[in-house]
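Here the structure is laid out as structure tokens; the discussion comes afterwards.
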Amino acid sequence: MAMRGRGMLRAGGYMGKRKRMPAIAPGRAVFTPSIASEILNLHPRTLMIYESENLIKPQRTATNRRRYSEDDIRRVRVIQFLTRQKGVNLAGVKYVLHLLQSLGNQGLDLNQVRELDTLQEVSGNGLTA
Numbered sequence: 054m055a056m057r058g059r060g061m062l063r064a065g066g067y068m069g070k071r072k073r074m075p076a077i078a079p080g081r082a083v084f085t086p087s088i089a090s091e092i093l094n095l096h097p098r099t100l101m102i103y104e105s106e107n108l109i110k111p112q113r114t115a116t117n118r119r120r121y122s123e124d125d126i127r128r129v130r131v132i133q134f135l136t137r138q139k140g141v142n143l144a145g146v147k148y149v150l151h152l153l154q155s156l157g158n159q160g161l162d163l164n165q166v167r168e169l170d171t172l173q174e175v176s177g178n179g180l181t182a
């Protein structure tokens, strides 16, 4: 079966049309800690620290293994922005996230945090020391 073509079999399996992967719902937890840490370019232990600080809450499998959703990934990106670019410590991050959530900002987005930051700079009411 050396022939390759549409619909032909080969050692690896059926070579038909490639199917698109179905879109993953943002709240569906599918990423393991190692994959999530690769996506975010951080150490897996950092994810565990964020969890212990109640900044993120990954879902658990039946065997108690952590799984991260796209929402979790987005939330960690906001945490990274606040800590790396703005120099906010984890207690401050927790406070900022709580404020954003209390304002009804359930769909937390890094672009929205950047917009808030820009508005603060323009108004001259920055929170930096």
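Numbering (our numbering) for the sequence shown: 54 to 182. Note that CB positions come from ideal geometry on N, CA and C, so glycine has one too.
* Beta carbon of Arg130, beta carbon of Leu93: below 9 Å? -> Against a cut-off of 9 Å, the Cβ pair of Leu93 and Arg130 comes out as a contact.
* Asked: Going by Cα to Cα distance, which pick from Leu156, Arg128, Leu135, Arg137 is closest to Glu104?
  -> Per the Cα distances, Arg128.
* State buried or exposed for Leu156, treating a residue as buried only when at least 16 other CB atoms are found within 10 Å of its CB. => With fewer than 16 other Cβ atoms within 10 Å, it is exposed.
* Asked: Does Thr85 come within less than 9 Å of chain B when only Cβ atoms are used?
  -> Here chain B cannot be found, since the structure has a single protein chain.
* Taking buried to mean at least 16 other C-beta atoms within 10 Å of its own C-beta, is Val146 buried or exposed? -> By the 10 Å Cβ count, Val146 comes out buried.
* In the DSSP assignment, what residue or residues form a beta bridge with Phe134? -> In DSSP, Phe134 forms no bridge with anything.
* Considering Gly145, what are the terminal residues of the alpha helix (DSSP H) in which it resides? -> Looking at the DSSP string, the run of the alpha helix (DSSP H) that includes Gly145 is 143-155.
* Residue(s) in a DSSP beta bridge with Tyr191 -> In the structure displayed, the chain extends from 54 to 182; residue 191 sits before or after that span and is not available.
* Please classify Met74: is it buried, with 16 or more other beta-carbons within 10 angstroms of its beta-carbon, or exposed? => Its pLDDT being 45, under 50, Met74 is placed unreliably by the model, and nothing is read from it.
* **Nearest-angstrom Cα separation, counted from Glu168 out to Leu153** => Taking the straight line from one Cα to the other gives about 13 Å.
* In terms of DSSP beta bridges, what is Arg113 paired with? -> Answer by DSSP bridge pairing, in chain order: Arg119.
* Are the CB atoms of Asp125 and Ala89 nearer to each other than 9 Å? -> Against a cut-off of 9 Å, the Cβ pair of Ala89 and Asp125 comes out as a contact.
* When DSSP labels each residue in this structure, what does Ser105 get in the three-state scheme? -> When secondary structure is reduced to three states using DSSP, Ser105 falls in the helix class.
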